[in-house]
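Participant: Take this structure first; my questions come after.
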Amino acid sequence: MNSMEERIWNYIDGTCSMQERKKIEELIESDPDYKFTYNELKASEFDFKLLDLEEPSMSFSRNVMEKVKLETAPGTFKVLVDKRIVYGIAAFFLLSIFVLLGLTFYQMDWSNTLTFTMPEYKLPELDLSKFKSGIFIKAFFFTDIVLGLYILDSFLRKHFIQNKINPKKYSNNS
Amino acid sequence: MQNKFTDTELISQVLSGKQSAYAELIKRHQRFVFTLALRFAKNREDAEEIAQDCFVKAYRSLNNFQQTSKFTTWLYTIVYTTAMTFLRKKRVATIDIDDEESHVQLENHISDFNADTVEHKSKMQYVNQAISQLLPDDASIITLFYQGEQSLEEIAKVLGMEANTVKVKLHRARHRLKEKIEGLLHHEVKELL
Chain A
644 MNSMEERIWN YIDGTCSMQE RKKIEELIES DPDYKFTYNE LKASEFDFKL LDLEEPSMSF
704 SRNVMEKVKL ETAPGTFKVL VDKRIVYGIA AFFLLSIFVL LGLTFYQMDW SNTLTFTMPE
764 YKLPELDLSK FKSGIFIKAF FFTDIVLGLY ILDSFLRKHF IQNKINPKKY SNNS
Chain B
34 MQNKFTDTEL ISQVLSGKQS AYAELIKRHQ RFVFTLALRF AKNREDAEEI AQDCFVKAYR
94 SLNNFQQTSK FTTWLYTIVY TTAMTFLRKK RVATIDIDDE ESHVQLENHI SDFNADTVEH
154 KSKMQYVNQA ISQLLPDDAS IITLFYQGEQ SLEEIAKVLG MEANTVKVKL HRARHRLKEK
214 IEGLLHHEVK ELL
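Protein chains in written order, with my numbering: chain A, 644 to 817; chain B, 34 to 226.
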C-alpha cells in the first residue's frame with residue numbers, strides 16, 4: 644500500500660493532525676491522482692459500512708440464559724465477599740485458640756505433672772433396643788429415600804439442561 | 034420496557050440480583066458478538082458456541098467490569114480471547130481436517146458464487162462474501178471499526194496491541210478487502226462475458 648492511500652485513509656478516518664488535514668484537502672483539490680484515490684477510497688468506505696451483522700439462531704438468547712442460570716450470581720455474597728474479611732475471621736479464631744491455650748497452660752498446676760495418671764473413664768452402656776422400634780426405622784428410611792430422590796433430581800435436571808443447550812458437546816463428553 | 038436502560042444501568046440491575054436484565058444485554062449485543070465470533074470461526078455452529086461462552090464468561094466476571102471503558106469494548110475483549118482460545122484448541126485437535134474443510138468451504142463459496150448473477154446480487158453480498166475470505170485478524174479489525182464503531186484505541190485494547198499497530202493493520206485489512214471485492218466483481222464480469 645502506498646503512502647498516498649495511507650494518508651487519505653487517515654484523512655477519511657480523521658486520525659491526522661489539522662495541519663496534515665489541510666494539506667491533504669489541498670492535494671485532493673489540485674492533484675488528480677489524489678482526487679481519484681480519494682473518491683475510490685470513499686466508495687470503499689461506503690462498501691465497508693454496508694457489511695451486515697449476522698443473526699444467531701432464534702434460541703441463542705434462551706440458551707445463554709439457561710447456562711447463566713447454572714452460574715453463581717455475580718452480585719451474591721459469595722462473590723462479593725472481600726478476602727480480607729475471610730482472613731480477619733480466621734485470624735480472630737486463631738488468636739482465640741492461642742489465648743485459650745495460653746490461659747490453660749498458665750492456670751495449670753505444673754507440680755503434679757510427675758504423678759500424672761490417666762483418669763479412668765467408663766463409656767455409658769448403649770441401649771439400642773429403644774431405637775429398634777418400627778417408627779424410628781421407617782422415619783430413617785423415609786428421610787434417606789427423600790434425600791436420595793432430591794439428589795437424583797438435581798443431578799438429572801443439570802444434565803437435562805446441559806443436553807438441551809449443547810447436545811453435541813454433551814454426547815461427546817458422555 | 035427495559036430498552037430505555039443503558040448498558041451500565043442494566044449491569045447494575047444484574048449485580049443487584051435481577052437476572053432478567055442480563056437477557057436484555059444479550060439481546061442488545063448478540064448480533065455483534067456472533068458476527069465477531071464468525072469472523073474467527075468461519076462456521077455458524079462454532080461461532081454460536083463461542084458467542085454463548087462469551088456471554089457466560091462476561092456474566093461470571095461482571096463484577097470485575099471496572100466501567101472505565103465501554104461495556105462493548107470489554108465484551109469484545111472477551112470475544113477475542115475466547116475465539117483465539119477456541120481456534121487454538123481446534124487447530125491442535127483437527128489440524129489435518131481443517132485444511133480439507135477450508136478447501137471444501139472455498140469450493141462451496143465459488144460454486145455458490147457461480148450460481149448467482151450480478152443482477153441478483155447486491156453490493157452488500159459481495160462485501161459480506163469478501164470479508165468471509167479474509168484472515169480472522171483482518172476481518173475482526175474491520176468489523177470492530179465499521180460495525181462495532183470502536184475507535185483505534187478501543188480496538189487496540191480489545192486486541193491487546195498498540196493503537197499505531199492497529200492503525201497499520203486496519204490500513205492493510207482495508208486494502209485486502211478492497212482487493213477481494215474487486216476480485217469477486219472481476220470474476221463475476223468474466224462469467225457474464
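For every residue, glycine included, the Cβ atom is placed at its ideal position computed from N, Cα and C. All values derive from a computational prediction rather than experimental measurement.
Would you mind sorting B/Ile59 into buried or exposed? The rule is 16 or more other CB atoms within 10 Å of its CB.
Facilitator: Classification for B/Ile59: buried.
Participant: Report, in whole angstroms, the separation of the C-beta atoms of B/Ile164 and B/Ile174, which I expect to be a contact under 8 Å.
Facilitator: Contact doesn't hold; Cβ gap of about 11 Å is too wide.
Participant: On the DSSP letters alone, give me the boundaries of the alpha helix (DSSP H) that A/Leu737 sits inside.
Facilitator: 726-750 is the span of the alpha helix (DSSP H), which, as asked, contains A/Leu737.
Participant: Leaving aside the five residues before and after A/Leu670 along the sequence, list all residues of the same chain whose C-beta is less than 6 Å from its C-beta, in chain order.
Facilitator: Excluding positions up to five away in sequence, the list reads Tyr677.
Participant: On a Cα-Cα basis, can you pick out the residue from A/Tyr764, A/Gly657, A/Ile651 that is closest to A/Asp674?
Facilitator: Minimum Cα distance to A/Asp674 is reached at A/Ile651.
Participant: Is B/Gln63 close to chain A, meaning its C-beta is less than 8 Å from at least one C-beta of that chain?
Facilitator: B/Gln63 counts as touching chain A.
Participant: Going by CA-CA distance only, name the one from B/Glu81, B/Asn97, B/Val66, B/Tyr159 that's closest to B/Glu221.
Facilitator: Out of B/Glu81, B/Asn97, B/Val66, B/Tyr159, B/Tyr159 has the C-alpha closest to the C-alpha of B/Glu221.
Participant: For A/Thr747, count neighbouring C-beta atoms within 10 Å of its own C-beta (all shown protein chains included) and say buried if the count is 16 or more, exposed if not.
Facilitator: That one is exposed.
Participant: For the stretch 200-219 of chain B against the stretch 649-663 of chain A, do three or more pairs of beta-carbon atoms, one drawn from each stretch, fall closer than 8 Å, so that the two count as touching?
Facilitator: Touching, yes.
Participant: If the criterion is Cβ atoms closer than 8 Å, does the pair B/Phe67 and B/Ala80 meet it?
Facilitator: Yes; because the gap between Cβ atoms is below 8 Å, this pair is in contact.
Participant: With 16 other CB atoms within 10 Å as the buried threshold, where does A/Pro699 fall?
Facilitator: Its Cβ being crowded by 16 or more others within 10 Å, A/Pro699 is buried.
Participant: Would DSSP call A/Met761 helix, strand or coil?
Facilitator: Three-state result, A/Met761: coil.
Participant: Quick check on the DSSP output: what are the complete alpha helix (DSSP H) runs of length 4 or more inside the stretch 77-107 of chain B, in order along the chain?
Facilitator: If we require 4 residues or more, the alpha helix (DSSP H) runs fully inside the stretch 77-107 of chain B come out as 77-93.
Participant: Got a sec? Which residues, its chain only, sit under 6 Å from B/Leu218 by beta carbon, not counting five neighbours each side?
Facilitator: Within the same chain, B/Leu218 has no close Cβ partners at all.
Participant: Taking Cβ-Cβ distances shorter than 9 Å, what residues in chain B pair up with A/Lys685?
Facilitator: In chain order: nothing, as chain B lies at least about 12 Å away.
Participant: Please list the partners that B/Glu81 has in chain A, where partner means a Cβ-to-Cβ separation under 7 Å.
Facilitator: The answer, in chain order, is Pro699, Ser700, Phe703.
Participant: In this structure, how does DSSP classify A/Glu768 when only helix, strand and coil are distinguished?
Facilitator: Correct three-state label for A/Glu768: coil.
Participant: Specify the secondary structure class of A/Pro717 as computed by DSSP and reduced to three states.
Facilitator: Coil.
Participant: Rounded C-beta distance between B/Thr176 and B/Leu69? I'm assuming under 8 Å.
Facilitator: Yes, B/Thr176 and B/Leu69 are in contact; Cβ-Cβ is about 6 Å, under 8 Å.
Participant: Is A/Gly777 near the ligand ADP - that is, is its Cβ less than 7 Å away from at least one heavy atom of it?
Facilitator: Questions concerning the ligand ADP fall outside what the structure shown contains, since it holds no ligand whatsoever.
Participant: Tell me the rounded alpha-carbon separation between B/Ile214 and A/Met708.
Facilitator: One C-alpha to the other measures close to 38 Å.
Participant: Excluding five sequence neighbours on each side, which residues of the same chain lie with their C-beta closer than 7 Å to the C-beta of B/Lys200?
Facilitator: These residues qualify, in order along the chain: Leu185.
Participant: Verify the CB distance criterion: does B/Lys200 have a CB-CB separation below 8 Å to chain A?
Facilitator: Closer than 8 Å to some Cβ of chain A, the Cβ of B/Lys200 qualifies, so yes.
Participant: Buried or exposed: where does B/Arg124 fall if 16 or more other Cβ atoms within 10 Å of its Cβ makes it buried?
Facilitator: Result: exposed.
Participant: Could you run through the stretch 166-182 of chain B and flag, in chain order, every residue whose CB is less than 9 Å away from some CB of chain D?
Facilitator: Within the model displayed, chain D is absent; protein chains A and B are what it includes.
Participant: Beta-carbon separation of A/Asn706 and B/Gln85 under 8 Å?
Facilitator: In this structure, B/Gln85 lies closer than 8 Å to A/Asn706 by Cβ.
Participant: Under 8 Å, do A/Ala716 and B/Gln52 count as touching if we go by C-beta distance?
Facilitator: Yes, these two residues count as a Cβ contact at 8 Å.
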